[in-house]
Amino acid sequence: MSERVVSVDPDPTEGSLAERETVLDVVGLDTKIATPEGEVHPVRGVDITVHRGEIVGIVGESGCGKSTTVKGILKLLGPTSTVTAERIMLGDADLLAAKPRQMREIRGSRIGFVAQNPFGSLNPIYSIERQFRELHKAHGRKLGRAENRAVALGMLEGVGIATPERVLDGYAHQLSGGMAQRVVIALATTLSPELLIADEPTTGLDATVQAQIMDLMAHVVVEENRSMLLVTHDLGVIAQYCQRVVVMYDGLVVEHGNVTDVMVDPKHEYTRKLIGSVPKTGEKLNVAR
Amino acid sequence: MPDPTTPPPSSTAVPDQAEDLPLETLAEPVRKSRGRRFLRLIRDHRAAATGVAFIVLLVLASLFAPLPYGAEETDSSNTLAAPSADHWFGTDATGADVFSRVIVAARTDLSLALMGTALSLVVGVILGLAASTKGKGSERLVRGLDAFQAFPLLILALALVSLSGNKLYMVVVAIGLINIPRYMRLLRSEILSLRESRFIEAATAMGASPARITRRHILPNTWGVILVQTSLTIANAIVVIASLSFLGVGVSASTASWGSMVRDGSGNMSSGEWWITTFPGIFIILCVLSFNVLADAISDTTSRSIR
Amino acid sequence: MSLVDVQEVHKTFPSRQRGGDPVHALRGVSLTVDEGETLAIIGESGSGKSTLGRAVLRLLDVDSGTVSFDGKDLGAMDRKELRAQRAEMQVVFQEPYESLNPRMSVGAIVAEPLQIHRPELGSSETRRLVREALERVGLPALAASRLPGELSGGQQQRVGVARAIVSRPRFVVLDEPTSSLDLSIRAQILALLAELQEDLGLAYLFVSHDMHTVEWVSDRVAVMYLGKFVETGPTADLFANPQHAYTRTLLSARLSADPREKHAYRAFPGDTDVVTV
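Residue numbers (this note's numbering), protein chains in the order written: chain A, 1 to 289; chain B, 1001 to 1307; chain C, 2001 to 2277.
This is the structure in structure tokens:
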């Protein structure tokens, strides 16, 4: 039985963080959405920074605005929404000012997106091989069939699929949830983006599959010196895979910092409440018996 | 970059009670007063409200309004007159006032449509319930339905009515027959999908009998789609009645009916007297439109996916 | 004698695909639950745990084996007897909103078990018991006039619990009762369930995929994999000293919310679709 230990946090001293390149810099992100009942503000004044080689988590319960935040950064909210900010920079690219065409180029080649439901991200009528080809085409790269296949096989092997040929020739519905998510990760990283954004990538997957997928994603980030912004409601995922965390409640950031600091010694009462509500390993529910 | 360990100044007040939602919010009147909700309903569905107003006015006018002329009142000195202050919709070949005839025709057309719909509703719902039970019987019923629907139903209506000697009640029966399949299909699919619901399973798990489940859980959840279908059926029935009377079947020649008026005036179109056909035609369209839009509105407001 | 006694049940479902293999959801499962105790079933998707939960209540019929409640064979009962028996064995489902009739008021929902099993109670007595049940689960009496859609997820689940206890059952199957709820609500609902167990002397069958929850709430646990139990035992022992490889795999996949505790995931030998990169 093989044992795999993933070590994802190099010692987070202030010095080494400051030296690292800033991949994503978001300051004062606000989103407004027009609804029949009036305007809502799901995200208010959110700041997020991600450095190269880092995994930053956004954690909160349903309705806190974490998904809307990343969709706002990616400009994937619908036409009824307005995204404003002081700054949204991906390295040197200004995402805030980017036109739709520029955003389309950036999505896929500089930012890889992994959503919660892999079957929503995979086209049901295209073979997996075709989806790789379409991806390249969308970014202006035309590869010959053999070359595309070779690249795709390599990517599938890279995400730990034991039978890449079979998966490549097959279709999304033939895959289990975990396998489909691996394919999505392969597609998301094909063009070597510097930032991966994952929105609840393992919610709904079995615990064992979740561990495998999270190990994989962490590996991809660490080994290839990328960075990741990870949205989740699962404190275990945050604790085990992220170096820094942003805690959101009702559209606001209530606390942020190093994972160890925030989770072991939370300062804000909401963070305390959240962390206090998760049973720790070995704890027993004690009713006054 | 601000010190990461202190909370930002704008922290939100968090409910400190150990409750997921402060109990006080349950005490707030979540439901506004009936009057305000009704007004809001109208505002959100203006087209449907207009349609309903039109139908109601039409019904009232056809039953009670004093009309400028009798529907049967002919005037051979003033035939084929164009619309004017005297005759808003002009006169037809016998000199009768088209406007009065159009309004009176509503009595025939709408009442037949409503009666036919009522028939198909009652029979269709009962058959729909029967067709949604597990077992061979319901399967056969559905196959029978498929076979029945394969037949061109307007022709069937035509045949039924004319073979019966143009009895008016046969028109009602014919409309009923044509629309029973729709109700059956609808009920059956709605019930089958409801049967898979978790709350139905919960009812079984608490020991409810099948009869109780049908009565208290399944049927109340089907009213929404039944209402929508009823509105659509009425719209369809109006078209069928107009078609039948256009073909000279069912409604006797002397009774005012939009379909026969359209037919009567169709010959005059080429000679330029457009008003005889057009106005009844417009009323058919307006009625059908009104019921269709109403169906949309009902569908919106009774949608089950409100959370 | 155990309150719930399941012996060697098998259940096979026909395949969903044409000509596909049938699904062996239960392959010889046996369990017992005593009065007042909590037995947890832990397993992942495809393990058959939800099927087992339903089989124990005879919400589906098993192909072979027996399911007994209080010494009586559920499978031998006719429909009417079974329905009456249900007063003593209830269930709380995973999705709070889905398990409540959207057109019934909360009060009517909670009153229904009483109307079915104790029709001799007058309406005012029924109302009183409904109010009492709502209070027990932490909902105010005025919640009775609300529709499920007007409540939050946690409140809806409380209604589900109120409905389950109003007929004074002895046994409740909890099918992932907190999986669809927000983190901060889960603890409250679990605490509520523990309190009710204490006050009403309930036995629980707690079906879950979440190891932390299972460890927290149960006395005994059974680990389920592909339709069978691979390991059972007292919770504390099993978690401290897992014997079976699959149990070890499951436990190694736990992600602790304490960043100082690192678990290393150990793959189960049965998993051949993936290789560790």
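Note that CB positions come from ideal geometry on N, CA and C, so glycine has one too.
The C-alpha of A1147(B) lies about 40 angstroms from the C-alpha of M1206(B). Taken in chain order, the whole beta strand (DSSP E) runs of length 3 or more contained in the stretch 49-126 of chain A are 55-59, 81-84, 87-90 and 111-114.
Residue-level contact check: S1299(B) does not touch chain C, since none of the beta carbons of chain C fall below 9 angstroms from its beta carbon. The DSSP-derived three-state label of N1268(B) is helix. Excluding residues up to 5 positions away in sequence, L205 lie with their Cβ nearer than 6 angstroms to the Cβ of G177(A) in the same chain.
Think of a sphere of 9 angstroms around the beta carbon of H2010(C): no beta carbon from chain A falls inside it, the nearest being about 24 angstroms out. Assignment of Y1069(B) by DSSP, reduced to helix, strand and coil, places it in the coil class. Check the Cα spacing between T2032(C) and each of G2046(C), F2013(C), T2012(C) and S2002(C): the tightest is with S2002(C). Neighbours of R2083(C) across chain B, judged by C-beta separation under 7 angstroms: G1207 and S1209. The DSSP assignment places complete alpha helix (DSSP H) segments of no fewer than 4 residues inside the stretch 122-201 of chain A at 128-138, 145-158, 164-169 and 177-189, in order along the chain. At a cut-off of 9 angstroms between beta carbons, A172(A) makes no contact with chain C. Where R226(A) is concerned, there is no enclosing beta strand (DSSP E), because DSSP gives it neither an H nor an E. With its beta carbon at least 9 angstroms from every one in chain C, S1132(B) lies outside the interface. Where D1300(B) is concerned, the enclosing alpha helix (DSSP H) starts and stops at W1275 to T1301. Classified as buried, E255(A) has 16 or more neighbouring CB atoms from the shown chains inside 10 Å of its CB. Look at H2117(C) here: in three-state DSSP terms it is helix. Listed in chain order, the non-local C-beta contacts of F1099(B) below 6 angstroms within the same chain comprise W1088 and F1089, local neighbours out to five positions each way being set aside. At a cut-off of 9 angstroms between beta carbons, D2210(C) contacts chain A. Pairwise C-beta distances place the stretch 116-132 of chain A in contact with the stretch 164-173 of chain A, as three or more of them are shorter than 8 angstroms. By the CB criterion at 9 angstroms, Y2204(C) and V2217(C) fall inside the cutoff. For K2262(C), the nearest beta carbon of chain A is closer than 9 angstroms to its own beta carbon. Considering only beta carbons, the part of the stretch 208-221 of chain A lying closer than 9 angstroms to chain C consists of T208, V209, Q210, A211, Q212, M214, D215, L216, H219 and V220, in chain order. In the three-state DSSP reduction, M1184(B) falls in the helix class (H, G or I).
Taken in chain order, the members of the stretch 1176-1199 of chain B whose beta-carbon sits within less than 9 angstroms of a beta-carbon on chain C are S1197, R1198 and F1199.
With a threshold of 9 angstroms between beta carbons, E61(A) makes contact with chain C.
Under the three-state reduction of DSSP, E2261(C) is assigned to coil, being neither helix nor strand. Going by beta carbons, L2238(C) and V2221(C) fall inside the 9 angstroms limit. Listed along chain B, no residue sits closer than 8 angstroms to R2168(C) by beta-carbon distance, the nearest being about 13 angstroms off. If you check the CB distance, I73(A) and I88(A) come in under 9 angstroms. Looking at the DSSP output, A2203(C) shares a beta bridge with F2171(C). Contact check for S1132(B) against R1195(B) passes: the beta carbons are separated by less than 9 angstroms.
Residue burial is scored here from C-beta neighbours: G140(A) has fewer than 16 other C-beta atoms within 10 angstroms and is therefore classed as exposed.
Only V237, A239 and Q240 from the stretch 237-256 of chain A bring a Cβ to less than 7 angstroms from some Cβ of chain C. Judged by their CB atoms, R2086(C) and L2057(C) are nearer to each other than the 9 angstroms cut-off. Selection G108(A), V278(A), H51(A) and M248(A) evaluated against G45(A) yields M248(A) as nearest (Cα-Cα).
Counting only Cβ-Cβ distances below 8 angstroms, T260(A) has contacts in chain C at P2259 and R2260, in chain order.
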